[in-house]
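Colleague:
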Amino acid sequence: MVDTMTKADIIDGKAFAQDLRARVAEVAADFEAMAGRKAGLAVVLVGEDPASQVYVRNKGKQTVACGMESFEHKLPADTNEADLLALVERLNADPAVDGILVQLPLPSHMNEQKVIATIDPDKDVDGFHVVNVGRLATGLPGFVPCTPLGCVMLLKDKLGSLSGLDAVVIGRSNIVGKPMAQLLIAESCTVTVAHSRTKDLPAVVRRADIVVAAVGRPEMVKGDWLKPGATVIDVGINRVPAAEEGKTKLVGDVDFASAAEVAGAITPVPGGVGPMTIAVLLRNTVVAAHRNAGIALEEGAL
Ligand code: NAD
Numbered sequence: 273m274v275d276t277m278t279k280a281d282i283i284d285g286k287a288f289a290q291d292l293r294a295r296v297a298e299v300a301a302d303f304e305a306m307a308g309r310k311a312g313l314a315v316v317l318v319g320e321d322p323a324s325q326v327y328v329r330n331k332g333k334q335t336v337a338c339g340m341e342s343f344e345h346k347l348p349a350d351t352n353e354a355d356l357l358a359l360v361e362r363l364n365a366d367p368a369v370d371g372i373l374v375q376l377p378l379p380s381h382m383n384e385q386k387v388i389a390t391i392d393p394d395k396d397v398d399g400f401h402v403v404n405v406g407r408l409a410t411g412l413p414g415f416v417p418c419t420p421l422g423c424v425m426l427l428k429d430k431l432g433s434l435s436g437l438d439a440v441v442i443g444r445s446n447i448v449g450k451p452m453a454q455l456l457i458a459e460s461c462t463v464t465v466a467h468s469r470t471k472d473l474p475a476v477v478r479r480a481d482i483v484v485a486a487v488g489r490p491e492m493v494k495g496d497w498l499k500p501g502a503t504v505i506d507v508g509i510n511r512v513p514a515a516e517e518g519k520t521k522l523v524g525d526v527d528f529a530s531a532a533e534v535a536g537a538i539t540p541v542p543g544g545v546g547p548m549t550i551a552v553l554l555r556n557t558v559v560a561a562h563r564n565a566g567i568a569l570e571e572g573a574l
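One point on numbering: in our numbering, the residue at position 235 of the sequence shown is 507, and numbering is uninterrupted.
1) DSSP has residue 442 in a bridge; who is on the other side?
2) Answer yes or no: the CB of residue 401 versus the heavy atoms of the ligand NAD, is any distance below 7 Å?
3) Looking at the unbroken alpha helix (DSSP H) that takes in residue 474, where does it start and where does it end?
4) Let me check one thing: in DSSP terms, what residues is residue 510 bridge-paired to?
5) Can you give me the C-alpha to C-alpha distance between residue 398 and residue 372, rounded to a whole angstrom?
6) Quick check on the DSSP output: the alpha helix (DSSP H) that includes residue 386 runs from which residue to which?
7) Measuring from the CB of residue 442, is there a heavy atom of the ligand NAD at a distance below 7 Å?
8) Nearest to residue 489 by CA position, among 472, 507 and 501, is which residue?
9) For the alpha helix (DSSP H) containing residue 562, name the first residue and the last one.
10) Skipping 5 residues on each side, what residues in its chain have a beta carbon closer than 6 Å to that of residue 491?
11) Starting from residue 517 and walking both ways along the beta strand (DSSP E), at which residues does that stretch end?
12) Spatial neighbours of residue 286 within its chain, please: C-beta separation below 7 Å, excluding the five flanking residues on both sides.
13) Along the chain, where does the alpha helix (DSSP H) that runs through residue 324 open and close?
14) With respect to the beta strand (DSSP E) encompassing residue 460, which residues constitute its N-terminal and C-terminal limits?
15) Can you give me the Cβ contacts of residue 332 inside the same chain, cut-off strictly under 8 Å, excluding the 5 residues immediately before and after it?
16) Hey, is the stretch 468 to 483 in contact with the stretch 429 to 439, meaning 3+ C-beta pairs nearer than 8 Å?
17) DSSP on residue 301, reduced to helix/strand/coil?
18) Tell me whether the beta-carbon of residue 463 lies closer than 8 Å to the beta-carbon of residue 456.
19) So which of 557, 565, 564 and 566 has the shortest CA-CA distance to residue 574?
20) Do residue 493 and residue 531 have their CB atoms nearer than 8 Å?
21) Return the chain-ordered list of same chain residues with a C-beta closer than 8 Å to the C-beta of residue 411, the five sequence neighbours on each side being excluded.
22) Taking the straight line between their C-alpha atoms, what separation do you get for residue 302 and residue 381?
23) Where do the ends of the beta strand (DSSP E) carrying residue 343 lie?
24) What first and last residue would you give for the beta strand (DSSP E) that runs through residue 314?
25) Where do the ends of the alpha helix (DSSP H) carrying residue 424 lie?
26) Between residue 500 and residue 534, how many whole angstroms is the CB-CB distance? I'm expecting something under 8 Å.
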């Protein structure tokens, strides 16, 4: 599928995610042998959003495939916030549950911040609780949001040390842009966060050795915005009409065809960042299991 004119190396997130899941499975098996129980992930879904149902099903399947326990809780869309909070409290107290994930978005009658704040920070494998946000910002061990952590893993795999590199993160969401910037600072990059109010975005992007695009605008970043040889991580997942009538396709926030002519390396969409998110979630869950059980995890095992 990749154009033979492409100059950039293609960063294969699908293969990396598969390797990571295999390592998680090994660590999960060792954990079970030591702890006498499997690591467990509870996923809570409120309502019938079709995309969320697919995510939750995939998370459950991959959790089990890695030798961990999956607990799925599906609640109707009209569930009271108090009932959801009570479920989260029960999961907090359940010793079989190491990680808790409440699938977002929640129905509009619920306060997402309040629900996230109810999750025990040491079971918050999504890394969205303010305690984990604070731990990331101050360099303490905690849980880091899965998508940006997956991006850093791909970057380090491709580039080795990121120290001293100029990085531009486009997007400042709590889920991707802000934690991505924190992680790159921790890797000793010089980080610029660009967003919808940034002036002359192409000029800002042209300074970067590393570009992370997390915007949600199909093919916005063009090849002529890039410094030649830059490494481009495309977080965007946008569904757009395909050439064939009535069909759709997925594209990223980067115009792959023009960017691949200039970049040194680039993630494709699909098959780049996307597969990393669940793999990192499973990684975070098995790390949580070790912490909760007081079992040391070998440095660098995951
Ligand atoms: P968001 O809507 O919360 O944030 C988008 C950010 O882009 C905002 O901070 C905004 O300031 C910035 N922005 C908007 N228009 C801009 C413009 N014209 N120029 C510069 N910046 C602009 O989105 P999000 O949750 O961070 O997700 C971003 C993209 O990443 C989406 O396509 C989403 O589907 C995708 N995503 C993928 C994964 C995954 O791969 N697993 C996970 C999360 C999000």
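Ideal Cβ positions, reconstructed from N, Cα and C, are used throughout, including at glycine.
Modeller: Reading off the structure:
1) Residue pairing from DSSP places residue 442 in a beta bridge opposite 466 and 485.
2) Checking every heavy atom of the ligand NAD against the Cβ of residue 401, none is found closer than 7 Å.
3) For residue 474, the enclosing alpha helix (DSSP H) stretches over residues 473 to 478.
4) When beta bridges are read from the DSSP output, residue 510 appears opposite 523.
5) Cα to Cα, residue 398 sits roughly 8 Å from residue 372.
6) Counting along the chain, the alpha helix (DSSP H) containing residue 386 begins and ends at 384 to 390.
7) Residue 442: yes, Cβ under 7 Å from the ligand NAD.
8) Closest in C-alpha terms to residue 489, from the list 472, 507 and 501, comes 507.
9) DSSP places residue 562 inside the alpha helix (DSSP H), whose first and last residues are 546 to 565.
10) Non-local beta-carbon contacts of residue 491 in its own chain, meaning distances under 6 Å to residues more than five positions away in sequence, involve 523 and 527 in chain order.
11) Annotation for residue 517: no beta strand (DSSP E) segment contains it, and DSSP assigns it neither H nor E.
12) Excluding residues within five positions, the ones whose Cβ falls inside 7 Å are 543 and 547.
13) Element bounds for residue 324: 322 to 337.
14) Element bounds for residue 460: n/a, residue is neither H nor E.
15) Spatial neighbours of residue 332 in its own chain (CB-CB distance under 8 Å, excluding positions within 5 residues in sequence) are listed in chain order as 315, 342 and 344.
16) With the cut-off at 8 Å, the stretch 468 to 483 and the stretch 429 to 439 touch.
17) Reduced to three states, the DSSP call for residue 301 is helix.
18) Residue 456 is positioned such that its CB atom lies closer than 8 Å to that of residue 463.
19) When each option's Cα is compared against that of residue 574, the closest is 557.
20) Between residue 493 and residue 531, the gap from beta carbon to beta carbon is short of 8 Å.
21) Only residues of its own chain outside the window of five on either side were considered, and among them 458 have a CB closer than 8 Å to the CB of residue 411, listed in chain order.
22) Linking residue 302 to residue 381 through their CA atoms gives a straight-line distance of about 42 Å.
23) For residue 343, the uninterrupted beta strand (DSSP E) segment begins and ends at 341 to 347.
24) Unbroken beta strand (DSSP E) run through residue 314: 312 to 318.
25) Start and end: 418 to 431.
26) The Cβ separation is near 6 Å, so the contact holds.
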